[in-house]
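Quick note: the sequence shown uses this note's numbering, first residue 1, plus one each step.
Beta carbons: idealized from backbone N, C-alpha and C, even for Gly.
Quick caveat: nothing in here was measured; it's all calculated off a predicted structure.
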Amino acid sequence: KKSLCNRTVDPKGANWLVPAINTKWICMKTGVTPCVSASVLEETKDFCVQVMIIPRVIYHPKDYVWEHKNSMGHHMMKREPFTALTIVALLTLAGVGAGTGAAALITQPGKLTALQHAVDEDLKKIDKSITALTNSVRSLSEVVLQNRRGLDLLFWQQGGLCVALKEECCTYVDETGIVYDTMGELRKQIEKREKEKESYQSWYGDWFSCPSWLTALLSTLAGPIILLILGLTFGPCIFRRLTEIIKNRLEAANLLILRGQYENLDHGNEKMEEELEWSRQELKRFNELHK
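In C-alpha cells:
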C-alpha cells in the first residue's frame, strides 16, 4: 500500500447504533426509531431502550359490530354492516314477494303461470342486484386495503398508521363468499322450478290458457254440476234412510197409543168387577134379612 499510495486513511465505521433483528429503539425524546446516531445521542443526552414491538390483535365476534356504539373519538366507521343490512332487506322483500305470489296462486288459479313467471323474473333481478352490490363491496375493500398499505408505508418510521393515529387497527374480513353461495343456490332453485314447470304440467293446465269468459263460465258451472252429481249419486240412499227413520218413528208412536188404550180397558174391567162383587154382597144381605 505504501508503494502505491502517498497517504493511507483508515476508514471509520458508521457511527450508528443499529438494534437487533425485529427490534427498534424507543427514545425519550425522538420516540420510535429504527436506528440511533451515537453523536446525536451524546449531544442530546437522550435515553433509549431496545424493544420488540408486537401488534395488538383483538378478535371481535360477529355480533360486536351490531352492538358496538361508535364514540366521538373514532375517526373511522366500518360500512360493511350497512351493506349486510341492505342484503338482508332485499332477501326479506324477496321472501315477502314470494309468499304473496304463493297466496295469489291459491286464490287465483287462472293466473298461475303468469305469477310463477313474474316471481322468477323478480328473483332473477334481485339476484343480479345483490351480485352487483357484492362486487362493488369487494372492489371497495380492495381499494381500501391498497390505501391502507400505502399509508402504512408512509407512517413506517412511526410504526404504522394505527400507531400514528393512536387507535386500534381494524382488519377487514371478507364474507362475500357466503353471498355468492346463497345466490348460486337461488339460481339453481329457479332453474329447477323452470324445468319442473316445463316437464310436469297438470292435465287441466290448458283450461286456464283459455279466454277469461270461458274460465269464468267453467268456474261458475263447476259448483252446481258437482252438487247435481253428488245428489244423483247419494240422493236415493239418503232418501231411503230418511224414509226408514220416519217409518220407525210412526210405528213407535202407534205402539204407544195402543198400549195406552189397552191399559185404560184393563183399568175399566177391574172397576166393573168390583161393582159386581159389591152388588152380589148387597143382594145376599137383603135375602138374609127377609127370610
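Apart from the five residues just before and just after residue i, which ones in its own chain have a Cβ nearer than 8 angstroms to its Cβ?
i, result
"ARG320", "Coverage of the chain is limited to positions 1 through 291, which leaves residue 320 absent and any answer about it impossible."
"ARG7", "none"
"PHE155", "LEU161, VAL163 and ALA164"
"ASP152", "GLY160 and LEU161"
At what residues does the alpha helix (DSSP H) containing residue i begin and finish?
i, result
"CYS162", "161-165"
Pull the bridge partners of residue i from the DSSP assignment, please.
i, result
"TYR37", "Residue identity differs from the one stated: residue 37 is Ser in this sequence, not Tyr. In DSSP, SER37 forms a bridge with TRP16."
"GLY31", "CYS27"
Provide the residue span of the beta strand (DSSP E) that contains residue i, from first to last.
i, result
"VAL49", "48-51"
"ILE26", "24-27"
Near residue i, what residues of its chain come up, given a Cβ to Cβ distance below 6 angstroms and the 5 sequence neighbours on each side ignored?
i, result
"LYS33", "A small fix is needed here, since residue 33 is Thr in this sequence, not Lys. Only TRP25 meet the Cβ criterion."
"CYS27", "ASP46 and CYS48"
"VAL179", "THR134"
"LEU4", "none"
Can you look up residue i in the DSSP assignment and give me helix, strand or coil?
i, result
"VAL96", "At VAL96, the pLDDT of 44 sits below 50, so the modelled position is not reliable; the number obtained from the coordinates is stated separately. Reduced to three states, the DSSP call for VAL96 is helix."
"VAL143", "helix"
"LEU227", "helix"
"THR171", "coil"
"CYS237", "helix"
"LEU250", "helix"
"ASP120", "helix"
"VAL135", "Looking at the sequence provided, one finds Asn at residue 135 rather than Val. Residue state, collapsed to three classes: helix."
"ILE54", "coil"
"TRP278", "helix"
"LEU242", "helix"
"GLN157", "coil"
"LYS192", "helix"
"ARG7", "coil"
"ILE126", "helix"
"ALA84", "With a pLDDT of 44 at ALA84, under the threshold of 50, the modelled position of this residue cannot be trusted, and the question is left open."
"ASP152", "helix"
"TYR180", "helix"
"LYS45", "coil"
"HIS21", "Checking the displayed sequence, the identity of residue 21 turns out to be Ile instead of His. Reduced to three states, the DSSP call for ILE21 is coil."
Only counting the same chain, and skipping five residues up and downstream in sequence, which positions put a Cβ closer than 7 angstroms to that of residue i?
i, result
"ILE190", "ASP120, LEU123 and LYS124"
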